[in-house]
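When you read off a place in the sequence shown, starting at 1, and then add 181, the result is the number in this note's numbering.
Structure first, commentary second.
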Amino acid sequence: MLSAADNARYNDVEPGSILHDMARRYWLPYLRSEALEPNGPPKKIELLGEKFVSFRDGRGKVGFLEEQCPHRGASLSLGRTGDNALTCIFHGWKFDTSGACIASPSESNPRFCSTVKVPAFPVKEAGGALWVYLGPGEPPAFPEWEFCLMPPEHRRARVGYTDSNWTQNLETLLDSAHIGLLHAQPVKNAINDSVVAIKGVHAPKLSVVDTPYGFQAYSRREREDGQVYLRVTEYLAPFTVSNGSMRTDEGRVLFMIPINNRRTAFWRFEWDMAHTQEWWKQQSIERGALDLKFVDHDDFLLNSLDRTREDFGQNREAMKLGHWSGFKNLRAEDAAVAESVPIVDRTKEHLGASDLVIAKMRQRFFQGLNEFERDGRVLGLGPHGDGSGIAYADLRGTSEVIAAAADQIAYHNVELREERRARREAFLASHKPDALAQPAKEKKHA
């Protein structure tokens with residue numbers, strides 16, 4: 182249970198809040214790289230309750246600017262691209278990717294442009310997405326996740342949008358207890374192997390280990406065969422989670438990026454050293470609703486719910502026949518629960534033992550928010566407070582069946598991490614351009 186004041190501090194990411202100021206200090210994904218074409222239409226972007234515009238010039242360079250033209254406030258998202266600039270359609274004022282005004286045809290003074298600039302922000306292109314830093318001063322070290330190292334054909338970046346506060350979506354990702362209940366319906370696809378592994382066991386044994394970037398949440402379920410299903414979630418405060426896959430060469434990192442207080446961008450960065458994007462596409466078609474609509478990487482949640490209906494299209498007839506939730510896949514189940522109450526009133530909740538990880542996350546969040554308010558230290562950026570010193574490429578969740586006697590912390594942090602690192606290094610070595618090139622065979626002369 183939270184007080185009304187703390188609940189507001191927890192939820193509020195919009196201008197004027199402490200969380201808004203802190204959230205601007207991270208690298209935030211905002212658009213898939215493929216969604217922004219050279220000299221293509223600019224994109225209107227909302228982050229943390231603020232409006233921006235992003236465009237790619239003819240050289241491929243990306244600009245991220247405040248949305249309003251500094252002349253009369255028209256939206257630059259309506260602008261024209263070309264000449265390596267973005268031109269406001271109102272009076273033709275032209276801005277480059279740095280925000281500098283390079284032309285103002287309505288002004289006779291040729292030096293007028295040098296006095297005008299649109300606030301612009303640093304952009305990084307990595308892992309199939311565009312990332313922006315909205316804060317003051319130098320940005321922190323960019324987090325070089327494992328998916329950033331993968332060849333494009335072995336990774337994918339997807340984003341979906343939920344009409345709910347970021348906290349509800351993040352808490353769902355950290356909540357292992359709901360997996361065996363909300364997602365109890367058996368589904369034939371690899372993403373649900375963990376559901377099969379824990380079938381019939383609903384109450385996990387939970388523990389939390391603090392880290393410089395957040396914590397590791399351990400969920401341990403004893404199985405009928407004497408083994409243990411271990412699920413380890415890496416939490417990187419405040420917006421990021423990596424939960425495990427039961428496929429050895431696959432990983433995922435999930436970001437809950439607040440658009441405003443009632444809307445969230447759910448980013449999924451996935452990689453698989455054993456499969457390519459074509460395999461992923463076929464999997465998406467074959468599972469869930471068996472619908473090509475779910476292959477849309479620019480909003481993979483768009484068709485997951487019927488948002489014109491109060492019950493989001495829940496199938497009560499299927500529930501009468503034994504289906505647990507009445508929703509067609511895991512994504513729809515999680516989205517429906519989150520959107521059922523867009524901003525939860527946590528003064529009325531009653532946490533139990535199964536909510537240990539949620540309670541820990543909130544504790545770390547408020548500790549970090551208070552530290553930021555007091556001395557400017559940014560939550561989750563490691564021992565130096567600037568993102569350096571964190572081996573992001575080694576951070577991946579775990580979802581494994583292990584021996585009951587195994588040391589779960591050593592298994593996740595040492596044994597499995599070393600195995601994954603070795604496999605990654607071998608994979609990347611074999612996928613370097615020079616390793617892939619086949620040398621021409623020498624002709625033998627008689």
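Where a beta carbon is used, it is the ideal one built from N, C-alpha and C, also for glycine.
Element boundaries [alpha helix (DSSP H), containing residue i]
| i | result |
| --- | --- |
| Ala610 | Leu597 to Ser611 |
| Glu514 | Leu511 to Glu520 |
| Cys329 | Glu327 to Leu330 |
| Asn484 | Careful: Asn484 lies outside any alpha helix (DSSP H) and carries neither H nor E. |
| Gly549 | Leu537 to Asp556 |
| Tyr191 | Ala185 to Asn192 |
| Glu498 | Arg497 to Lys501 |
| Ala204 | Ile199 to Ala204 |
Per-residue burial, residue i [other beta carbons within 10 Å of its own, 16 or more giving buried]
| i | result |
| --- | --- |
| Met500 | exposed |
| Ala519 | buried |
| Asp453 | buried |
| Ile539 | buried |
| Phe293 | exposed |
| Ala186 | exposed |
| Val581 | Per the sequence shown, the amino acid found at residue 581 is Glu instead of Val. So Glu581 ends up on the buried side. |
| Leu482 | buried |
| Pro134 | Past the edges of the chain, shown from 182 to 627, lies residue 134, and the structure says nothing about it. |
| Glu491 | exposed |
| Trp460 | exposed |
| Ala610 | exposed |
| Leu532 | exposed |
Closest Cα partner of residue i within the set the options
| i | options | result |
| --- | --- | --- |
| Asp344 | Met437, Gly561, Pro223 and Glu231 | Met437 |
| Pro300 | Tyr573, Glu520 and Val234 | Val234 |
| Asp536 | His252, Val422, Leu355 and Asp588 | Leu355 |
| Val340 | Cys282, Gly309, Tyr399 and Leu330 | Gly309 |
| Arg402 | Gly395, Met331 and Leu387 | Leu387 |
| Ser184 | Arg527, Ala384 and His252 | Arg527 |
| Leu562 | Arg205, Asp193, Tyr191 and Ser258 | Arg205 |
| Gln397 | Glu405, Ala418, Asp406 and Pro385 | Ala418 |
| Trp326 | Pro320, Cys269, Ala338 and Phe276 | Ala338 |
| Leu217 | Gly316, Gly241, Gly494 and Lys462 | Gly241 |
| Ser295 | Ile199, Ser285 and Pro303 | Ser285 |
| Arg605 | Lys529, Glu431 and Asn441 | Glu431 |
| Asn265 | Glu288, Glu405, Phe547 and Phe236 | Phe236 |
| Ala446 | Gly425, Asp479, Glu319 and Gly197 | Asp479 |
Whole-number beta carbon distance between residue j and residue i, since they are thought to touch under 8 angstroms
| i | j | result |
| --- | --- | --- |
| Gly263 | Asn220 | 6 angstroms |
| Ala585 | Gln408 | 6 angstroms |
| Arg433 | Phe450 | 7 angstroms |
| Leu550 | Met203 | 7 angstroms |
| Leu257 | Leu267 | 6 angstroms |
Beta strand (DSSP E) segment containing residue i, residue limits
| i | result |
| --- | --- |
| Ala398 | Gly395 to Glu403 |
| Asn346 | No beta strand (DSSP E) contains Asn346, which DSSP labels as neither H nor E. |
| Met437 | Glu431 to Asn441 |
| Asp391 | Lys386 to Thr392 |
| Pro210 | Trp208 to Arg213 |
heavy atom of the ligand SAM below 7 angstroms from residue i C-beta
| i | result |
| --- | --- |
| Gly221 | Annotation note on the ligand SAM: not contained in the displayed structure, which lists no ligands. |
For this session: Count the CB pairs spanning the region 487–495 and the region 307–321 that are closer than 8 angstroms, and state whether there are at least three.
Result: Judged by Cβ distances under 8 angstroms, the region 487–495 makes no contact with the region 307–321, as fewer than three pairs qualify.
Exercise. Taking three-plus beta-carbon pairs below 8 angstroms as touching, is the region 505–513 in contact with the region 323–333?
Worked result: Touching, no, given that fewer than three Cβ pairs across the two stretches are closer than 8 angstroms.
For this session: Assess, as a yes-or-no matter, whether the region 246–264 is touched by the region 209–216 under the definition of 3 or more beta carbon pairs within less than 8 angstroms.
Result: Judged by Cβ distances under 8 angstroms, the region 209–216 makes no contact with the region 246–264, as fewer than three pairs qualify.
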